[in-house]
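Here is the structure we will look at, set down as structure tokens.
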Amino acid sequence: MARMRPAWYYQRQADQAEARANYFRNRQPPPDGQAVQSRGAATTAYYRSLLIKDGTEHRIFRTSVYQDTITRLPLADAGLLATLPVDTSALPLRGSGVKPSKIHWYSGNAAPTVVRTAWNSSWVRYYDAAGRSHFSIPFSETTGAFGPEDLMGQFELLFGEGGSRRALIGAQNGRAYIEFERASISALS
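FYI, in the numbering used here the residues of the sequence shown are 38 to 226.
Shown next, in the form of structure tokens:
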């Protein structure tokens, strides 16, 4: 059976794997007492589930969202509630097994740059690397019945052509995408 690629390709892959292994083998831990970088303060928000309902009402979950993210995309634009409606309760999202619908985005860089890793391999950075670059926030609707098509419509109003938050992804090489909710639902006999 013939090789799919030339020998130099496989040799380069092996050299990079060895350099990566040596780097991690010899890497020293950070010194004691070094300050830890934090993403900052978080705010409690309430997420209405896409899949899980109590009768006809969408189930509400409590989550936290970084304040830095909220300054870029307010809770109302993400379809999150700032306060819990009267006569309702919320379950904690963490540990529930529900992976909420989310919007992810990053601001693109018009001039991509080549970046070297610590073990001397390279990759191309297409996003703006000034400070924090990638963001995500749970995504829902604040009232009424809704489905995936409603979330897609709202996403298009935010990040589609002429969208109100289109500037968040920059003019070139930026990206925004939606990830729909996943939840395990079972029944016993």
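C-beta atoms are modelled at their ideal positions from N, C-alpha and C, and glycine is treated no differently. The structure presented is a predicted model; accordingly, all values stated were derived computationally and were not measured.
DSSP bridge partner residues for residue i (one or two, in chain order)
| i | result |
| --- | --- |
| Y83 | R99, L118 |
| E198 | Answer is none; E198 lacks a bridge partner. |
| A213 | W142 |
| T150 | R162 |
| I107 | Beta-bridge pairing links I107 to no other residue. |
| F172 | W142 |
| P129 | R99 |
Residue i (DSSP reduced to helix, strand or coil)
| i | result |
| --- | --- |
| I206 | helix |
| A167 | coil |
| G145 | strand |
| E186 | helix |
| W156 | coil |
| R76 | coil |
| I222 | coil |
| E193 | helix |
| E94 | strand |
Residue burial classification, residue i (beta-carbon count within 10 angstroms, cutoff 16)
| i | result |
| --- | --- |
| V152 | exposed |
| P67 | exposed |
| P111 | exposed |
| S201 | exposed |
| L194 | exposed |
| T93 | exposed |
| I174 | buried |
| R96 | buried |
| A72 | exposed |
| L225 | exposed |
| V135 | buried |
| T150 | exposed |
| A182 | exposed |
| R131 | exposed |
| F61 | exposed |
| A123 | It is Val, not Ala, that sits at residue 123 in the sequence shown. It counts as exposed. |
Proximity winner among the options, relative to residue i (alpha-carbon distances)
| i | options | result |
| --- | --- | --- |
| A127 | H141, G145, A147, T81 | T81 |
| K139 | S170, A182, A213, A79 | A213 |
| Y83 | R42, L225, N146, T180 | T180 |
| H141 | F217, Q53, R42 | F217 |
| T106 | P137, A78, T150, F196 | A78 |
| Y143 | S75, G207, M41, P122 | G207 |
| G145 | V161, G184, N210 | N210 |
| Q191 | L117, V135, T108 | L117 |
| Q74 | R169, F183, R203 | R169 |
| L87 | L188, A44, F196, L205 | L188 |
| R64 | P122, A155, P185, A54 | A155 |
| A166 | S133, A148, N157, S177 | A148 |
| Q104 | F98, A119, K90 | A119 |
| N137 | F98, W160, D69 | First, the residue type needs correcting, since residue 137 is Pro and not Asn in the sequence shown. When only C-alpha atoms are compared, the closest one is F98. |
CB contact below 9 Å: residue i versus chain B
| i | result |
| --- | --- |
| S138 | The structure shown contains no chain B; it holds only a single protein chain. |
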